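Written out below as structure tokens is the structure these notes cover.
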Amino acid sequence: MKNIDSKGHVTGKSIYLDDIPTLSGTLFGVVFDSPKAHGHINSVDYSKALTLPGVVRILTHEDVTGENQIGGIIPDEPLFATDEVHFQGQPIALIVAKSEHIASKARKLIEIDITEKEIIVDPRIAQAKGELIFPPRTFKMGDSQDAWKDCKYIFEGKADVNGQEHLYIETQGAYAQPMENGNIRISSSTQGPTAVQRAAAKVLNLGMNKIEIDVVRLGGGFGGKEDQATPWAIMAGLAVQILQKPVKVVLSRMDDMRMTGKRHPYAADYKIGFSEDHKILAYEATFFQNAGAAADLSPAVMERTLFHATNSYFVPNVEVTAYSCKTNLPPNTAFRGFGGPQGMFVIEIALRHAAKEMKVSTFSLQKKNLLKDGDEFPYGQIAGGVELEKIWSAVETKFSLEEQEARVAKFNKEHSDKKKGLSLMPITFGISFTKTPMNQARALVHIYSDGSVGISTGAVEMGQGVNTKMLQIAAQMFSIDPQKVKLESTNTTRVSNTSPTAASATADLNGKALQNACQALVMRLKKSAANHFKCGAGQVEFKDEAIYILGKDSHMTWNQLVDMAFLERVCLTENGHYATPIINFDKDKEKGHPFAYHVYGLALTEVTVDCIRGTYEFDSVKLVHDFGQSMNMSVDLGQIEGGLVQGMGWMTMEEISYDDNGRLRSNSLSTYKVPDIYSVPKELIVEPHDTVGTEMAILKSKAVGEPPLMYGIGAYFAIENAVAAFNPNYKLIQNAPFTHEKVLTGLYS
Amino acid sequence: MIEFILNDKKVTTDLPSGSLLLDFIRYEEDLKGTKIGCREGDCGACTVLIGEVVNGKMKYSNVTSCLTPIANVQGKHVVSIEGLNLKNLTPVQQYMVDEAGTQCGFCTTGFVVSLTSFCLTNETPTYEDAIASINGNICRCTGYKSIERAALHITESLKNKSTDDIISWLVEHHFIPDYFTEIQSQLSDIQPVKIRENAKILVGGGTDLYVQQHEKMVELEITALVQDEKIRFIKFEDDICTLGAATTVSDMWDSPELNQIFPKLKEHLKLVSSQPIRNISTIAGNFVNASPIGDMTAFFLALNSSITLEENGKQRTILLKDLYLGYKDLDKTENEVITQLSFEIPTKNTFFNLEKVSKRTHLDIASVNSALKIELKDDLIQKAFISAGGVGPIPMVLSKTGVFLVGKEINAENIKAANEILQTEISPMSDVRGTEEYKRLLLRQLFYAHFMKLFPEKVELGELVIRRS
């Protein structure tokens, strides 16, 4: 089944936040933000801005009716700055005016006096000064310190990996309207409707029941709207509370890029040791996460870095520590992979480093150390259903790896101004929110008396096709035409206390809740049919909208059965609930079984570097991916292709740049480049791995949102290998992204 | 008052003529299929079609409505996604659905509009042209492969397209609604454009101005230079080629004569922005925004071009290179207007090349760009002009390097020696597009690349860069 939104998308009829018809009297908000990265606010003069015709009100921290606090995990982030600012772009006030244009003009009339304080942008410096968001954490297995003595080879080094701008094409925004009795309805472009509701309730001093959050769809999220859609929604809500008028706040692109956090940049130290036969015996790493000025989701992101620090390899002795470093940048946040990619990047750097020094191929080191069934992860979970070795040999055979290596070697021998590079990037990605309580979901199903079905879940549609999967599940459970099923908006009054649409787990959690709801309804309807046909409920079957009794068509249709049940006063609405079984994690011990399952895969990347100009083109990416049993290959393939290219962008051209004053230099689409259609690999082959899947995944169809992003890390190493093929003096730079600048510098260093 | 046809109806507005087409479509006409992604022409979510009568035929191009003032579409046909929708999906839309070329959907209408422009414009449609039509559209979800597959099907579906009446063929095959066939006659009912009414603010394509100053511009009345046919032309007289100031980069792309003079023209221009921007950006606009890194500036500087400036009927002609006095400082009075540019048509002994490297190869501002023109006689360099952008406060002509090369043979030794001089002529600064050291190294490489590309038999990389091993 194709994405159910496709037709609306290609005709321009799909409705996004800024397309919601505006109510009369709607006002528009523009955020006034800090021009300095760190300092004390001595005064702000709003007088000129307030006299501009059309300006209605300027809201500051003084107008907050509840608590001026939006921090979700740690309460360390005010909605509006009070007397201190901690990053450029930190919201100070909301200018509400009759048009966005007027509000923007008014913003330029605000005068602010700030006494600057010391600015820190480097996480290592922050850590050295003790500027941490929260205490460090360490995952440990075996005894690495003892193991060094058994190592034949030991390598140490540093690695840096930059952040990444989400660049959802639809910017952040919210549209709030007053309802009766002081209630407020907020349409928000958020991945976390409940997160918005909870924070809004606190800031507006209202019960969560007074605030309704509605989400139709997002024009892209990628994690950037998991936590950071919240401030704008609350600001709009606060303006509604005070002015009793509808208020829309939609960020301009530059405001969005300046004010919101991104994927966390990391600095890291690593030490890796091998036995004589090249088995990894020990691995230690220290991660310096650049969290920005407030916690946001950094604690959880940092945790996932530790979970994925050994990527797809078994290491018997591991000690990895992470510091969440407080800097004067916008609070960094969730981004597809959620800290996992940074952890995986560092061990891949360590392997590449080791391979170079040991004069062996990285591929052989990777292959030799692949995780196997029964191996223990550093966090205590025993690996099960591991597909890595099978996938590795599938890549070797399906893509004729040896031939490709020979072809590349030949090319490099024959060409002096062009060089090719290959890389293999394995992935092992854990599925579940690592905070166990978040692994729950609900789904509300109405069967209407005419046989049509309406579904509400906690899942937010942002292009990943989750609504399509939900619809498939319901249609399959009831055995009815998908056309009969409607997906409702995601709304906190219909499905409450939702987890954000994140962690790749949304289809699993909401899909299984939906299955439970549908199953309960199916049982009720079967009972009605059994009463009617005087048989056992177990003898009733639904097939293509017909009711079968003991395998024979009863000539009763789905619609007739529904109508009959309704007249019999059978409840045709059900709320399904699902909580992932088995999983647990003990943070005191840093051990447990946090993941429902893992997703595996391996990508083979080939690049050609232009050694005159220092540019590159990707010839191919060929990968074997563990979908389990994909329930929708069209949707899942889209996630693989899109995730891969996004990961390649992170590793190649996407370069976030802040100056020493904490000013974002890559602050627009003309200075921050994401892949365009000419940047993508010329050939992209995605082979589904032949496997049975797991019952823990919805319909055995494994989560697919985040894992493919990490295939993109292969781009970095392919480029590096090509550069090294040209320049025998090339020293590993250990610093992503591998921009054109770094390539040229590497070629001629 | 501005008057044009939006989809199937004539619209008029008293909004300032500098206000933006995007806002007009979304907020005045309430057509919400055209999206706002960046407001700087870099994402393509706001792409619309603009149709105008050229040589007695409708000619459509895809443009970014976020940079297009409504003055620029006076008397033209503007098509948003709503103006393409039929009862059933068009083949462009259907293939995008079939190939899952849409995920979150926010960029999708821009892709559909651009791919439809491909159907409307190309007489002999190729897959490369189909991809070129969407090179200004950014999608953050799909990774483009599904869109490539859709583009391939669309190209195939145009195999039997009629070349003499494209619009009727497309209407007949349900690519576009049938009202398209009536547009040309309806446009003739709209008043011709009055050039230079009272507005003092002159706007070319707007592709830089509206990025830098959009809040101010939307309140102003402007004079739309692109509406002035007198300054939009490409002429060849004797050995001189003259281009009107409002000639767009796409006009150059489409010119058979220019493609003959510069056999690699399309390869060069492909590095310049994206198709929707090339469709509206003018050459003089690239000169007067005074960016030290304008691609077309580098192109024409190496051709040793002259420009003509006009004020109150008084004209003067100067070398393009002399327009640039200092950073954003031009030898041009406030009211002077560039009317045309001219250069000597290269002979068979002339060799020309453009190089550019940026963070992303396409639709990006250069880290460094450079063009080279060389005239040879008996294997010796007679004249050499080298331009370079991104390595100083102004777009530069590296004249000392050029002088050094005169009388020399083309060989690695001379080129390396020329680079030594070149490095003394530039003063790059570290910024978001690269460090100073990188820009110096990059310009060296691009300078070498000129020769390697033009004279592959005379120079090779190994001789130019000695690698220690």
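Protein sequences, first through last, are from chains A and B. Numbering-wise (the working numbering), the first sequence opens with residue 1 and increments by one. Numbering-wise (the working numbering), the second sequence opens with residue 1001 and increments by one. Ideal placement from N, C-alpha and C gives every residue a C-beta, glycine not left out. This structure is a prediction, so every number in the text was calculated from the model and none was measured.
Annotation for Met648 of chain A: the continuous alpha helix (DSSP H) segment containing it runs Met633 to Met651.
Look at Val540 of chain A here: in three-state DSSP terms it is strand. At a C-beta separation below 7 Å, Lys1009 of chain B has no neighbours in chain A, since its nearest C-beta there lies roughly 17 Å away.
One alpha carbon belongs to Asp544 of chain A, the other to Phe595 of chain A, and they sit about 36 Å apart.
At least one CB of chain A lies nearer than 9 Å to the CB of Asn1085 of chain B. Close partners of Gly1018 of chain B in chain A (Cβ separation under 8 Å) are lacking, with about 13 Å as the shortest Cβ gap. Here the alpha carbon of Leu1152 of chain B sits roughly 32 Å from the alpha carbon of Ile1283 of chain B.
For His1362 of chain B, the nearest beta carbon of chain A is closer than 9 Å to its own beta carbon. The C-beta distance from Leu1363 of chain B to Ser1273 of chain B rounds to 6 Å, short enough to fall under 8 Å. Thr171 of chain A has a beta carbon lying within less than 9 Å of a beta carbon in chain B. Segment contact: the segment 536–553 of chain A against the segment 496–503 of chain A, fewer than three CB-CB distances shorter than 8 Å; contact not assigned. With the criterion set as a beta carbon lying under 7 Å from some beta carbon of chain A, the members of the segment 1099–1111 of chain B are Ala1100, Thr1102, Gln1103, Cys1104, Gly1105, Phe1106, Cys1107, Thr1108 and Thr1109, in sequence order. The C-beta of Ala1045 of chain B comes closer than 9 Å to at least one C-beta of chain A. DSSP places Phe287 of chain A in the strand class (E or B) of the three-state scheme. The alpha-carbon of Asp610 of chain A is positioned some 7 Å away from that of Lys419 of chain A. When Cβ pairs closer than 8 Å are counted between the two stretches, the segment 451–465 of chain A is seen to touch the segment 181–194 of chain A, the count reaching three or more. A buried status is given to Leu644 of chain A, since no fewer than 16 other beta-carbon atoms sit within 10 Å of its beta-carbon.
Contact of Arg442 of chain A with chain B by beta-carbon distance below 9 Å is absent, the smallest such distance being about 24 Å. Fewer than three pairs of CB atoms, one per stretch, sit closer than 8 Å, so the segment 311–328 of chain A makes no contact with the segment 240–259 of chain A.
With three or more CB-CB distances shorter than 8 Å, the segment 1169–1184 of chain B counts as touching the segment 1079–1093 of chain B. With three or more CB-CB distances shorter than 8 Å, the segment 583–597 of chain A counts as touching the segment 372–384 of chain A.
Not one beta carbon of chain B lies nearer than 9 Å to the beta carbon of Val704 of chain A. Comparing alpha carbon positions, the residue from B:Val1113, B:Phe1106 and B:Thr1242 closest to Asn1135 of chain B is B:Val1113. Note that the C-beta distance between Thr230 of chain A and Ile70 of chain A is below 9 Å. Across the segment 1–19 of chain A, CB contacts with chain B closer than 8 Å involve Lys2, Asn3, Asp5, Ser6, Lys7, Gly8, His9, Val10, Thr11, Gly12, Lys13, Ser14, Ile15, Tyr16, Asp18 and Asp19, in sequence order along the chain. Rounded to the nearest whole angstrom, the C-alpha separation of Ser1255 of chain B and Ile1234 of chain B is 8 Å. In the structure shown, Asn721 of chain A adopts helical secondary structure according to DSSP, grouped into three states.
Judged by DSSP in its simplified three-state form, Met1001 of chain B adopts coil rather than helix or strand. Relative to the Cα of Asp586 of chain A, the nearest Cα in the group A:Phe345, A:Thr138 and A:Asp76 belongs to A:Thr138. The Cβ atoms of His86 of chain A and Ala295 of chain A do not sit closer than 9 Å to each other.
Taken atom to atom, the span from the alpha-carbon of Leu521 of chain A to that of Asn467 of chain A is near 20 Å.
The alpha helix (DSSP H) runs of length 4 or more contained entirely in the segment 214–275 of chain A are, from start to end of the chain, 230–243 and 253–259. When the beta-carbon positions are compared, Glu1028 of chain B and Thr1013 of chain B come within less than 9 Å of each other. Look at Cys611 of chain A: its C-beta is under 9 Å from a C-beta on chain B.
The C-beta of Thr65 of chain A has fewer than 16 other C-beta atoms within 10 Å across all chains shown, which makes the residue exposed.
Here Gln1213 of chain B is exposed: its Cβ has fewer than 16 other Cβ atoms, across all protein chains shown, within 10 Å.
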